[in-house]
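Chains as they are written, first to last, in the working numbering: chain A, 9 to 74; chain B, 469 to 668.
Structure first, commentary second.
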């Protein structure tokens, strides 16, 4: 799933490690989220949305599978 | 500064595992060549440990992130709980057969027979605590690796069962039963390397 996580993180000047600490996940998980290799659970998506002051739909772009 | 100190921590661990593995294999080889007295049971144990340690060294050297994404503190706790349990298991296995031959009282014999299994449960406890406290992506990696290893091992055992029924192979039942858990651990480790790479 495409997302704007990197853009939002960089806008706040956070490193992946800092975001990982805030989310209580590993840096590798943040990297996998940003590159779209891992889709977060609903609780983690809500946590991200609240952290960035956005809605889930503003951060994650759902793509219809072909 | 020594050459070792310039290496990343995973490579230092890899060299340690390689040294340990080669030492075990050398001792097993020396026993096999009758350079020192060793029972078949201990020889098998040493060979198994040696092969396992060399395999772990190769994984750590060539795929340093193969363990997934667990935080360092969690990994440290895991090793702190896993290593004593595993060392206790190895120590018991070294004397287990002799102990079993020595103990005759049925109740005590039952206890001695199950002692390695109890220690394996101690090892499993460390692993369960590690998975439970991992983040959600790490748990997914562990779950997928567990599913893959269960499929591979059960499929392999079923295939071996058919071969045995057709009398094409002849594996003693006690060997087959004892190797279920090590086979699961080995396939789990290999599967985890490939699954973790998908999320990198």
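Built from N, CA and C at the ideal position, the CB exists for glycine as well.
In chain order, each alpha helix (DSSP H) run of at least 4 residues that lies wholly inside the region 480-531 of chain B
508-530
Note to self: What would DSSP say about residue 33 of chain A, mapped onto helix, strand or coil?
What the structure shows: coil
Contact between the region 615-624 of chain B and the region 648-666 of chain B (3+ Cβ pairs under 8 Å): yes
Quick one, are the C-beta atoms of residue 16 of chain A and residue 38 of chain A less than 9 Å apart? no
Indicate whether at least one CB of chain A lies closer than 9 Å to the CB of residue 612 of chain B.
-> no
Exercise. Is it true that the region 521-531 of chain B meets the region 541-559 of chain B, where meeting means three or more beta-carbon pairs spaced less than 8 Å apart?
Worked result: no
Requested in this report: Consider the Cβ of residue 10 of chain A: report whether some Cβ of chain B lies at a distance smaller than 9 Å.
Outcome: no
Discussion item. Assess contact between the region 489-509 of chain B and the region 48-58 of chain A, defined as three or more Cβ pairs (one per stretch) separated by less than 8 Å. Is contact present?
Written reply: no
* Asked: In chain A, what lies closer than 9 Å to residue 543 of chain B by C-beta?
  -> Chain A residues near residue 543 of chain B: none, gap ~10 Å exceeds 9 Å.
field: chain A contact residues for residue 606 of chain B, given Cβ-Cβ distances below 9 Å
entry: 33, 34, 36 and 37
Q. What residue range is occupied by the uninterrupted alpha helix (DSSP H) comprising residue 21 of chain A?
A. From DSSP, residue 21 of chain A is part of no alpha helix (DSSP H); its letter is neither H nor E.
- Query: How would you call residue 605 of chain B, buried or exposed, if buried means at least 16 neighbouring beta carbons within 10 angstroms?
  - Reply: buried
So that I know if they touch, is there some Cβ in chain A lying closer than 9 Å to that of residue 666 of chain B?
yes
- Three-state class that DSSP yields for residue 45 of chain A in the structure shown: coil
- Task: For residue 52 of chain A, return the contacting residues in chain B, with the cut-off set at a CB-CB distance below 7 Å.
- Result: 604
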